[in-house]
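In my numbering, the protein residues as written are 220 to 633.
Glycine is no exception: its CB is placed at the ideal position from the N, C-alpha and C atoms.
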């Protein structure tokens, strides 16, 4: 590593320290840090803007624009009411319902983000109404995307299978799938109990759920108004566009504008309700990570790890690097494409196809499980829905920090 690589990493630590110390939006601190790094590394300042996450910003703003209009129409409340009624006084079932729905959509071949933009807003609306901790609802729902995302029909799993075949490693598809399912489901259970699942179960037993107390009042409001029919049409149109592989952000804006034309809304409120602080935070930190990549920090770290003699250390090192990258890289496919080839190379002499499949499942899961990071698409959607709620941000940050520290260690022991 060169001096500029070390300076870049130290600057990243300073960015987090200043943000925590003074309570300044992390993205606001990261932007001048990117400028300083560009000056020190003699990088053209226009290169800073190349790392701006345009597609991610469009996705977050588009989805929240559409969902805010759906909520204002009253349709979101009806959807949540029906979901709560189906739980029959067992609120602990609600996170697992959205988890299973997300997993099923992804298992059929949809990328997890395509499923999450559909299920997460509904899940968090349920959490708000049923007084479920948002981190619990968000993480368990996201874990459903991770489970389905590594099914044999999904592009995530196809990337792993292709790299394994290219590296001459025998991958057992069903063993790989059920192994990652067990790992991801375990993480979902841990998140469930870490963020208040036991209280939810107890609440269901004694029967004092918010949905029960409100069910009588809401039962007469199930007939849709014309505004709600318009919102439903826009929502179904959005789902259809996303599931047919159109851009999520552009699809959301298109359906949102059509709905906005049909349903009058205060234009100032429409703009004010968008999660601008969340956009600034994610954009700023991803601009800095883009600068880290441009000056060669990530490449130098990867080369350093590949030069290790013990193959188990190579695997754990690359899994750590991949997990760190996954915290900030919007596309898990990209990180899988970078990490899995090195992992398969380290498994070239592994005689057991079962152990190789388990190892690949662990490495892949270590990367995709970070989708709940507040700087990733999944965690970003959770925070956008909550307008950057500080408690939820800290919950997601602690959760993904713990996963980043401990999950890759499994690659060393297997």
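Use the C-beta contact count for residue i: other C-beta atoms within 10 angstroms, 16 or more gives buried, fewer gives exposed.
{"i": "residue 331", "result": "buried"}
{"i": "residue 501", "result": "buried"}
{"i": "residue 406", "result": "buried"}
{"i": "residue 594", "result": "buried"}
{"i": "residue 241", "result": "exposed"}
{"i": "residue 298", "result": "buried"}
{"i": "residue 513", "result": "buried"}
{"i": "residue 578", "result": "buried"}
{"i": "residue 555", "result": "buried"}
{"i": "residue 375", "result": "buried"}
{"i": "residue 344", "result": "buried"}
{"i": "residue 589", "result": "buried"}
{"i": "residue 463", "result": "exposed"}
{"i": "residue 586", "result": "buried"}
{"i": "residue 621", "result": "exposed"}
With a threshold of 7 Å on Cβ separation, who are the neighbours of residue i within its own chain once the five nearest residues in sequence on each side are excluded?
{"i": "residue 328", "result": "372 and 373"}
{"i": "residue 366", "result": "322, 400, 403 and 404"}
{"i": "residue 552", "result": "374, 375 and 378"}
{"i": "residue 276", "result": "498 and 502"}
{"i": "residue 516", "result": "224, 227 and 228"}
Give me the Cβ distance between residue i and residue j, rounded to the nearest whole Å; I'm assuming they're in contact under 8 Å.
{"i": "residue 263", "j": "residue 505", "result": "Contact flag wrong, Cβ pair sits at about 19 Å."}
{"i": "residue 457", "j": "residue 471", "result": "6 Å"}
{"i": "residue 362", "j": "residue 583", "result": "About 14 Å; that fails the 8 Å criterion."}
{"i": "residue 370", "j": "residue 325", "result": "7 Å"}
{"i": "residue 380", "j": "residue 390", "result": "6 Å"}
{"i": "residue 564", "j": "residue 494", "result": "Incorrect: roughly 41 Å between the Cβ atoms, too far for contact."}
{"i": "residue 207", "j": "residue 498", "result": "No answer is possible for residue 207: the residues shown for the chain start at 220 and end at 633."}
{"i": "residue 355", "j": "residue 410", "result": "6 Å"}
{"i": "residue 478", "j": "residue 449", "result": "6 Å"}
{"i": "residue 270", "j": "residue 510", "result": "6 Å"}
{"i": "residue 292", "j": "residue 447", "result": "5 Å"}
Where does residue i sit, in a helix, a strand or coil, going by DSSP?
{"i": "residue 207", "result": "Residue 207 lies beyond the stretch modelled for the chain, which goes from 220 to 633, so this question has no answer here."}
{"i": "residue 311", "result": "coil"}
{"i": "residue 513", "result": "helix"}
{"i": "residue 522", "result": "helix"}
{"i": "residue 421", "result": "helix"}
{"i": "residue 547", "result": "coil"}
{"i": "residue 508", "result": "helix"}
{"i": "residue 301", "result": "helix"}
{"i": "residue 222", "result": "helix"}
{"i": "residue 234", "result": "helix"}
{"i": "residue 555", "result": "helix"}
{"i": "residue 244", "result": "coil"}
{"i": "residue 442", "result": "coil"}
{"i": "residue 414", "result": "coil"}
{"i": "residue 432", "result": "With a pLDDT of 45 at residue 432, under the threshold of 50, the modelled position of that residue is not reliable, and no figure is offered here."}
{"i": "residue 408", "result": "helix"}
{"i": "residue 541", "result": "helix"}
{"i": "residue 292", "result": "helix"}
{"i": "residue 328", "result": "coil"}
{"i": "residue 483", "result": "coil"}
{"i": "residue 478", "result": "helix"}
What residues in its chain sit with their C-beta under 6 Å from that of residue i, if we drop five residues either side in the sequence?
{"i": "residue 278", "result": "467 and 468"}
{"i": "residue 258", "result": "none"}
{"i": "residue 333", "result": "461"}
{"i": "residue 234", "result": "248, 249 and 252"}
{"i": "residue 358", "result": "410 and 591"}
Identify, in the order they occur along the chain, each residue of the same chain with its Cβ nearer than 8 Å to the Cβ of residue i, setting aside the five sequence neighbours on each side.
{"i": "residue 560", "result": "382, 385 and 386"}
{"i": "residue 521", "result": "537, 540, 557 and 561"}
{"i": "residue 451", "result": "294 and 443"}
{"i": "residue 360", "result": "314, 317, 318, 321, 335, 338, 339 and 342"}
{"i": "residue 420", "result": "311"}
{"i": "residue 254", "result": "264 and 267"}
Is there at least one non-hydrogen atom of the ligand SAH closer than 7 Å to the beta-carbon of residue i?
{"i": "residue 246", "result": "Looking for the ligand SAH in the displayed structure turns up nothing, as the structure carries no ligands at all."}
Legend entry - Runs of alpha helix (DSSP H) lying entirely within the segment 335-406, each at least 4 residues, in chain order: 353-368 and 374-385
Inset, instruction - List in chain order: all unbroken alpha helix (DSSP H) runs of 4+ residues lying wholly within the segment 444-472. - result: 445-462
Inset, instruction - Jot down the residue ranges of each uninterrupted alpha helix (DSSP H) in the segment 558-607, minimum 4 residues, whole runs only, in chain order. - result: When DSSP assignments are scanned along the segment 558-607, the uninterrupted stretches of alpha helix (DSSP H) that are 4 or more residues long and fall wholly within it turn out to be 572-587 and 596-604.
Legend entry - Every unbroken alpha helix (DSSP H) inside the segment 246-288 [4 residues or more]: Within the segment 246-288, the complete alpha helix (DSSP H) runs of at least 4 residues are 265-268.
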